[in-house]
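Residue numbers (the working numbering): 17 to 306.
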């Protein structure tokens, strides 16, 4: 990624969009989801549970995130018991319901499993190529820094102040040996009000060195303008040989141009929790280049 002089953070246009208005399926789905979901559970906790599902169910070629079950035991002990040592019948029923067409999100558990492995593989390749600093934006319950610790590699986890403090306490609880499991730099900042450069200032981050930027499970919760500003900020702080990885929702799906039943359910579910999807990206070659 070439390094540029800092420029004003103007929103990107073209490949980004806002979600479409509600579809005709939502009036039917909403009461069903209201009965099925626990709105008191934040979306990041639900994603943590789903990330542990394939390994717990003994599926072949599952992700190797050994920290996620430790996080789950502390944050959601009842759910952790349902899958520890082999899923209970109730856990199997919940999964079947979640994978059911029309009322669930078929394939999402597998997608999250594959997503974890995809990010892991790209980070490993970057570290093997000599990258020695990793920035995790909106770190949440991401466990990358603890699973991929290497001598000489510095990790930086950015999140909102309350979330960052909670993550630090969680890590201290489940991985108490800080010498064996080195800590990242926990950076508490609201990037809606604090520039990324300002948040990283004084943390040990070196913009003259190549950086691996990890942005997992974030961009679709950002307004399109904020997504563009994030990309501009990363660009301004990236030395040559830096790498940026992120996942996104397809424009054609979130805009309603293409029917995606599972996404319809998921979009409504996160919106009912007050965490709606706000943007998508066009992955057509021309849009990506733009």
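Using N, Cα and C, we set each Cβ at its ideal position, and we do this for glycine too. Quantities reported herein were computed from a predicted structural model and do not represent experimental measurements.
Residue i, enclosing alpha helix (DSSP H) - first and last residue
i: residue 250; result: 240-252
i: residue 90; result: 84-91
i: residue 291; result: Careful: residue 291 lies outside any alpha helix (DSSP H) and carries neither H nor E.
i: residue 61; result: 59-67
i: residue 106; result: 105-115
i: residue 214; result: 212-216
Exposure of residue i, with buried meaning 16 or more beta-carbon neighbours within 10 Å
i: residue 109; result: exposed
i: residue 70; result: buried
i: residue 76; result: exposed
i: residue 40; result: For residue 40, the predicted structure reports a pLDDT of 42, less than 50, and the residue's modelled location is therefore unreliable. A value from the coordinates is still provided. Answer is exposed; the Cβ neighbour count stays below 16.
i: residue 128; result: buried
i: residue 94; result: exposed
i: residue 195; result: exposed
i: residue 51; result: Only weak support is given to the placement of residue 51: the predicted model assigns it a pLDDT of 49, under 50, and the question is left unresolved by the model.
i: residue 97; result: exposed
i: residue 112; result: exposed
i: residue 274; result: exposed
For residue i: DSSP bridge partner residues
i: residue 228; result: 150, 259
Residue i Cβ short of 8 Å to the ligand ADP heavy atom set
i: residue 236; result: Ligands displayed in this structure: none; no statement on the ligand ADP is therefore possible.
Segments assigned alpha helix (DSSP H), at least 4 residues, entirely inside the region 139-207: Secondary structure within the region 139-207: the alpha helix (DSSP H) runs of 4 or more consecutive residues, fully enclosed, are 160-163, 177-190 (chain order).
Cβ contact (3+ pairs, closer than 8 Å) linking the region 178-191 and the region 80-89: Enough Cβ pairs lie closer than 8 Å, so yes.
Touching by the beta-carbon criterion (3+ pairs, under 8 Å), the region 248-267 and the region 208-219: They touch, by the three-pair rule.
Stretch-stretch touch, CB-based, cutoff 8 Å, three pairs: the region 169-181 with the region 88-104: In this structure the region 169-181 does not lie against the region 88-104, because fewer than three pairs of beta carbons, one per stretch, are closer than 8 Å.
Cβ contact check for the region 119-129 and the region 139-157: 3 or more pairs under 8 Å: Contact check between the region 119-129 and the region 139-157: fewer than three CB pairs, one atom from each, fall below 8 Å, which does not count as touching.
At least three beta-carbon pairs within less than 8 Å, the region 219-234 to the region 278-291: No, the region 219-234 is not in contact with the region 278-291.
Meets three-Cβ-pair contact criterion under 8 Å: the region 57-67 and the region 286-294: Contact between the region 57-67 and the region 286-294 is established, with three or more Cβ pairs separated by less than 8 Å.
Stretch pair the region 97-108 + the region 196-208: three plus CB contacts closer than 8 Å: Not touching, per the Cβ criterion.
The region 111-122 in contact with the region 227-236 per 3-pair CB rule at 8 Å: As far as the Cβ criterion goes, the region 111-122 does not touch the region 227-236, which means the pair count is below three.
Meets three-Cβ-pair contact criterion under 8 Å: the region 237-246 and the region 163-174: They do not touch, by the three-pair rule.
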